[in-house]
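Working notes, beginning with the structure itself.
In the numbering used here, the protein residues as written are 14 to 466.
Set out below in structure tokens:
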């Protein structure tokens, strides 16, 4: 496990036999990962940036480490959509694309290359200020933004996230290692932290699986040795809870990317017989706080994280940031150093002189029996923002009239969403987020094909 001053380290502890990834062909150790990545690095195109589109855990890890060895910055588009990738290429013209087929082909060509064992040792060091990756926000509140992450940020991420995870679960506290099974892709910053940085720089290995459905999660867990950690999102965990699938024993559940309802957290802990740790962060800041949601509402900031609230945003400062970062989240600091989330400035609305929150309206919709998923949004133009909000709801057994009647019992009439459309599914991305542009497109489609009350 990397120590607090190991900001140059490429791998966790220099233990050549430590398992980084457990895959179908066996175990990928530190030494084997470095040997393979070194061969790949020798044949990479001569560019400053690489767009890592690898789907498998092994290929992504190999490509990421190979890029580090060549001092190439990894670009992480907000999605795999062609438009998102092309937008990144437009911003970083000196780049190339890398996917699983690319890595397989390069490994074949590099198979005969001789790796200098002494050089392997020398490669276990990366400059702390090296720009290791540039992540792009999901666009859930507007246009995706680029966020540069230096190597020291990933080193710190692995250190503080692993400490929080081990503190949350007694079975992890003294375990020499653990296996992480993640439902999130590596391209998302949450996935980068817990499925890439953690196995590279921490004391836990990553499973090759990337399960989505309950049966897939159960199968992936069954193939992983104990202690097991499930890294997921509220949308995946809700599906898991509603299924009848029995899961192998877990040491810990980790959730992030969207707020987790406390009742859902309680139900998950009881059903899975494991503590649930919710992490709070953003692409701009990476994970900066955590809480045991089933038993507490306040968040505990990570060590050396300084939060300064204001009416419009929260400023975050840490020693590993180049400069203070601003989040749209509004917080209330507690006397013990913890904080409560009070919403997002982008969620706040005012209609007929009354103030409300899009997030709170969405939560009220989700509380209605029969509602499986929902989102409340304001149209993009300013005049529409002053008049109404709209909603998309997944509720196969309900009608818009029934939903609005139920919502009216707890929401002021001026905030009732009109139009409200019943849809088959919401346009969630791979980590369960709802990009604003995708929601507006879905709303437009629903308006053309459905009838609103």
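We put the beta carbon where it would ideally sit given N, CA and C, even for glycine. Nothing here was measured: the structure is a model prediction, and the numbers come from that model.
Exercise. How would you label residue 423, buried or exposed, when you count the other beta carbons within 10 angstroms and need 16 or more for buried?
Worked result: exposed
For this session: From the DSSP output, in three-state form, read off residue 205 for me.
Result: helix
For this session: Might you give, ordered along the chain, the residues of its own chain that have their beta carbon closer than 7 Å to the beta carbon of residue 401, omitting 5 neighbours on each side?
Result: 431
Problem set entry | Entirely enclosed alpha helix (DSSP H) segments - the segment 40-85, minimum 4 residues | 43-55 and 70-82
For this session: Compare the beta carbon distance of residue 65 and residue 108 with 7 Å and say whether it is the shorter of the two.
Result: no
For this session: Answer with buried or exposed for residue 92, where buried requires no fewer than 16 other C-beta atoms within 10 angstroms of its C-beta.
Result: buried
Exercise. Taking the C-alpha atoms as reference points, what is the distance between residue 178 and residue 86?
Worked result: 28 Å
For this session: Let me know the alpha helix (DSSP H) ranges lying completely inside the segment 409-456, each 4 residues or longer, listed in chain order.
Result: 413-420
Exercise. According to DSSP, is residue 147 helix, strand or coil?
Worked result: strand
Exercise. By the 10 Å Cβ neighbour count, where 16 or more other Cβ atoms means buried, how is residue 18 classified, buried or exposed?
Worked result: In this predicted model, residue 18 has a pLDDT of only 47, less than 50, meaning its place in the structure is not dependable enough to derive any value.
Problem set entry | Contacting residues, own chain, Cβ-Cβ under 6 Å from residue 330 (five flanking each side not counted) | 319 and 337
For this session: Label residue 386 either buried or exposed according to how many other C-beta atoms from any shown protein chain fall within 10 Å of its C-beta, with 16 as the threshold for buried.
Result: buried
Exercise. Since residue 292 is in the beta strand (DSSP E), which residue starts that stretch and which ends it?
Worked result: 289-295
For this session: Compute the Euclidean distance between the alpha carbons of residue 435 and residue 359, then round it to the nearest angstrom.
Result: 24 Å
Exercise. Residue 169: which of 55, 285, 299 and 119 sits nearest, CA to CA?
Worked result: 299
For this session: Output the distance between the C-alpha atoms of residue 351 and residue 447, rounded to the nearest integer angstrom.
Result: 28 Å
Exercise. Within this structure, are the beta carbons of residue 289 and residue 297 separated by less than 7 Å?
Worked result: no
Exercise. How do the segment 38-50 and the segment 181-192 stand: do at least 3 beta-carbon pairs fall below 8 Å, yes or no?
Worked result: no
Exercise. Count the other CB atoms within 10 Å of the CB of residue 414; is the residue buried (16 or more) or exposed (fewer)?
Worked result: exposed
Problem set entry | Neighbour-count burial assignment, residue 325, 16 or more Cβ in a 10 Å radius | exposed
Problem set entry | For residue 259, three-class secondary structure by DSSP | coil
Problem set entry | Alpha carbon of residue 465 to alpha carbon of residue 433, nearest angstrom | Low local confidence applies: a pLDDT of 47 at residue 465 is under 50, so the model's placement there is unreliable, and no value is given.
Exercise. Within this structure, are the beta carbons of residue 389 and residue 404 separated by less than 7 Å?
Worked result: yes
Exercise. Helix, strand or coil: how does DSSP classify residue 237 here?
Worked result: coil
For this session: Return the first residue and the last residue of the beta strand (DSSP E) that residue 299 is part of.
Result: 299-304
Problem set entry | Reference residue 75, options 98, 34 and 101, closest by Cα | 34
For this session: Could you give the DSSP three-state label for residue 356: helix, strand or coil?
Result: strand
For this session: Identify whether residue 212 lies in helix, strand or coil by the three-state DSSP scheme.
Result: helix
For this session: Give me the Cα-Cα distance between residue 316 and residue 166, rounded to the nearest whole angstrom.
Result: 14 Å
For this session: Throw me the rounded Cβ distance for the residue 302 and residue 313 pair, which I believe falls under 8 Å.
Result: 6 Å
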